[in-house]
Amino acid sequence: MQKRILLVEDDREISKLITDYLEQENFTVLTAFDGEEALSLFDKEELDLILLDLMLPKLSGMDFLKRIREKSLIPVLIISAKGSDLDKALGLGFGADDYLSKPISMIELTARVHAAIRRATQYIPTENQSTPDTIHFKELSLDLYTFSVQVKDKNVQLTSKEFHILKLFMTNQSRVFTKEQIYHFIWEDDYYGNENVINVHIRRLREKIEEDPSNPQYIRTIWGIGYKLGE
108 MQKRILLVED
118 DREISKLITD
128 YLEQENFTVL
138 TAFDGEEALS
148 LFDKEELDLI
158 LLDLMLPKLS
168 GMDFLKRIRE
178 KSLIPVLIIS
188 AKGSDLDKAL
198 GLGFGADDYL
208 SKPISMIELT
218 ARVHAAIRRA
228 TQYIPTENQS
238 TPDTIHFKEL
248 SLDLYTFSVQ
258 VKDKNVQLTS
268 KEFHILKLFM
278 TNQSRVFTKE
288 QIYHFIWEDD
298 YYGNENVINV
308 HIRRLREKIE
318 EDPSNPQYIR
328 TIWGIGYKLG
338 E
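So the mapping is simple: my numbering equals the position in the sequence shown, first residue as 1, plus 107.
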């Protein structure tokens with residue numbers, strides 16, 4: 108079955124270029140040219156991924172992202188000419204899974220799309236698989252089937268990337284991961300010193316699961332090396 112992508116881009120030439128390329132890669136592409144149209148399509152259609160420009164009329168890309176993150180973990184890749192570290196941190200902090208700056212390589216875009224969809228679906232069981240167990244650590248629990256997380260029996264809403272980072276730690280509870288390893292496992296891409304991306308996701312994850320994010324008890328920093336779960 109073809110994967111369905113919502114492309115939200117107000118530049119119609121860029122939209123057509125991306126649409127044509129992704130359709131050649133066997134994706135079904137729905138297009139929206141402003142934030143309100145994108146929100147309407149999101150509410151009506153079954154989608155596997157969203158490609159989102161930030162500078163949109165009617166409803167900004169950031170506002171659209173905040174709205175959908177209230178109810179969905181669908182992978183979101185930002186594509187934008189706003190390429191500063193601040194804009195990247197802002198987009199990822201609101202729940203984007205990845206960020207590509209314009210002008211973008213169609214080959215790289217396709218690879219990122221494939222990787223994001225694969226990560227989002229790899230834990231969904233088939234009819235012949237049993238439902239995965241819930242993983243526990245202290246007062247933290249993570250369900251691999253429902254993609255739900257609880258801290259002290261309270262539900263915590265994570266983005267897709269945050270969920271997979273937490274899963275990486277909780278399924279390897281004694282292991283220390285470097286930033287390069289985290290990037291390799293979660294983004295499935297080569298690491299080119301993308302510390303800002305890792306830092307933003309770890310910070311946002313701590314803000315959601317830690318009682319005191321400045322003194323974390325779950326995601327611990329191992330200075331000079333990376334991060335690990337717990338003590």
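All C-beta atoms in this analysis are idealised placements derived from N, C-alpha and C, irrespective of residue type, glycine included. It should be emphasised that the depicted structure is a prediction, and the values quoted were computed from it without experimental measurement.
- DSSP places Gln131 in the helix class (H, G or I) of the three-state scheme.
- DSSP, read as helix, strand or coil, puts Thr253 in coil.
- The beta carbon of Gln257 sits closer than 7 Å to those of Ser248, Val263, all from its chain and outside the five residues before and after it, given in chain order.
- Between Asp117 and Pro164, the beta carbon gap of about 6 Å places them in contact (Cβ cut-off 8 Å).
- Taking the Cα positions, Glu130 is about 34 Å away from Arg311.
- Three or more Cβ pairs closer than 8 Å define a contact, and the segment 312-326 falls short of that threshold against the segment 285-295.
- Residues of the same chain with a CB within less than 7 Å of the CB of Leu148, apart from the 5 flanking positions on each side, are Leu113, Leu137, Ala139 in chain order.
- Secondary structure at Phe140: coil, using DSSP grouped into helix, strand and coil.
- Closest in alpha carbon position to Ile185, among Asp141, Lys209, Thr126, is Lys209.
- Put simply, the backbone Cα of Lys151 is about 25 Å away from that of Ser187.
- The C-beta of Trp330 has fewer than 16 other C-beta atoms within 10 Å across all chains shown, which makes the residue exposed.
- Within the segment 284-337, the beta strand (DSSP E) runs of at least 3 residues that lie entirely inside it are, in chain order, 326-329, 333-336.
- Sequence-distant Cβ neighbours of Asn279 in its own chain, meaning closer than 8 Å and more than five residues away, are Leu336.
- A distance below 8 Å between beta-carbons, with the five flanking residues on each side excluded, links Phe284 to the following residues of its chain, in chain order: Leu275, Phe276, Phe292, Gly333, Tyr334, Lys335.
- A straight line joining the alpha-carbon of Leu158 with that of Ile326 spans about 30 Å.
- Taking a C-beta distance under 9 Å as the contact criterion, Arg225 and Leu207 do not qualify as a contact pair.
- Looking at Met162, Ile214, Leu154, the one whose alpha-carbon comes closest to that of Leu124 is Ile214.
- DSSP, read as helix, strand or coil, puts Ile214 in helix.
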